[in-house]
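Okay, structure first, notes after.
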Amino acid sequence: MPPITPTMPLLFPCRLIIDPPRTGVWNMAVDECLLEEAADEGIATLRFYQWSEPTLSLGYFQRYADRATHLASNDLPVVRRLSGGGTLLHDRELTYSLCLPPDHPLAKRHQQLYRLVHQSAIEALGEQEVELLFWDEFAKQQSVASHSEDAFLCFQRRTDDDLVFVHQGQATTRSQTTKVVGSAQRRRRGAVLQHGALLLGKSAFAQELSGLIELTGKSIDLDRFRTSWSERIATKVDLELRTSEMSRAIQEKSQALANERLKSTNWLRRK
């Protein structure tokens, strides 16, 4: 009887796009257009991006009026995300988005996708001697409540799959941890968009949120981290990454979406 040859996992072709800093409406428009493309054309994309100016992004279900409760950011540009969750203050951070088509198994396994992407971040940061934990693992160890969803800012909330930095010493309470990685999802016609952020440093407009530089006393090598993170995501999510520029079609659709809806008062103040 011939030996059984183990089958290799199917690798899904996936574009890897590394964008320069852009405005909030542009970044949100691109994420939505990439989700549409994943749903309609079956194309997967992993994108890393940053922000050309400090910007608030409201969660899809948040009330616009609530931004007035955060005085330090009242004068900043504001956009509304397609995903839910709390408000993000995008400034000194690295943001990512991952769009998977309906035929990818993880498009239907939402929590598993969170865990795999975040585990990849843990491992990539570990290469630079930065140690993070999943929030639910810390909460279980210390018998503290695992969820906290009342705060206006996303990075003051806690959900199971968030990544936290544990302060030196015997941390036993929530206040002795700092959330530095969080993500949210949106699904459309079987496809999934997951996007999130790694806080690199404290913003002048959100002094209550510390980033890695304040927590560790050093800056990470961002290019090295981004390369390692993308490679680890590809391995865990069964992707074959191909570095690519954004297509002209996506650029045109994104510009149209930004102009026609995302900049509109009706969209921004829909809640």
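Per the UniProt record's numbering, residue 1 is the first one in the sequence shown, and the count goes up by one each step. All residues carry an ideal CB built from backbone N, CA and C; glycine is no exception. Since the structure is predicted, the reported quantities are computational estimates derived from the model, not experimental observations.
Tell me residue i's beta-bridge partners as DSSP assigns them.
i: VAL166; result: THR177
i: LEU193; result: CYS99, ARG186
i: THR243; result: LEU16
i: TYR49; result: THR95
i: ARG22; result: TRP51
Which same chain residues, not among the five before or five after residue i, have their C-beta less than 6 Å away from its C-beta?
i: GLY201; result: ARG92, GLY211, ILE213
i: GLU231; result: none
i: LEU34; result: THR45, CYS99
i: LEU209; result: PHE155
Between the Cα of residue i and those of the options, spot the shortest distance and give me the residue it belongs to.
i: VAL130; options: PHE155, ASP160, HIS167, ARG109; result: HIS167
i: ALA124; options: ARG226, ARG270, PHE12, ASN266; result: ARG226
i: HIS90; options: GLN141, LEU98, PHE134, SER73; result: SER73
i: ALA206; options: GLY84, MET28, LEU88; result: LEU88
i: residue 275; options: VAL164, ASN266, ARG67, LEU82; result: Outside the displayed span of the chain (1 to 271) sits residue 275, for which this structure offers no information.
i: PRO21; options: GLU252, THR55, GLU137; result: THR55
i: residue 295; options: ALA197, ASP75, HIS104, PRO13; result: One cannot answer for residue 295 here, as it falls past the ends of the chain, which runs 1 to 271.
i: HIS195; options: HIS110, SER52, THR265, PRO105; result: HIS110
i: THR69; options: ASP150, SER264, ASP40, GLY190; result: ASP150
i: ALA184; options: LEU113, SER254, PRO102, GLU36; result: LEU113
i: LYS236; options: PHE61, SER52, HIS104; result: HIS104
Am I right that residue i and residue j are in contact with their C-beta atoms under 8 Å? What's the rounded C-beta distance?
i: ALA258; j: VAL78; result: That pair is no contact at about 14 Å.
i: ASP31; j: LEU82; result: 7 Å
i: ASP161; j: ARG115; result: 6 Å
Keeping to the same chain, check which residues put their C-beta closer than 7 Å to that of residue i; ignore five residues upstream and five downstream.
i: LEU11; result: ASP238, LEU239, GLU240
i: LEU16; result: LEU46, SER230, LEU241, ARG242, THR243, SER244
i: PHE165; result: LEU132, THR177, THR178, VAL180, LEU215
i: TYR64; result: LEU58, LEU268, ARG269, LYS271
i: LEU76; result: PRO54, THR55, LEU56, PHE205
i: LEU262; result: VAL25, MET28, ALA29, VAL79
i: TYR49; result: ASP19, ARG22, ASN27, THR95
Kindly examine the ligand MG and report whether one of its heavy atoms sits closer than 8 Å to the Cβ of residue i.
i: ARG109; result: Annotation note on the ligand MG: not contained in the displayed structure, which lists no ligands.
By Cβ distance, which residues of its chain are closer than 8 Å to residue i, with the 5 residues on each side in sequence left out?
i: ILE233; result: LEU46, LEU98, LEU116, VAL117, SER120, LEU239
Query raised in the report: Which residue spans inside the region 72 to 116 form an unbroken beta strand (DSSP E) run of at least 3?
Result: 78 to 80, 88 to 90, 93 to 100
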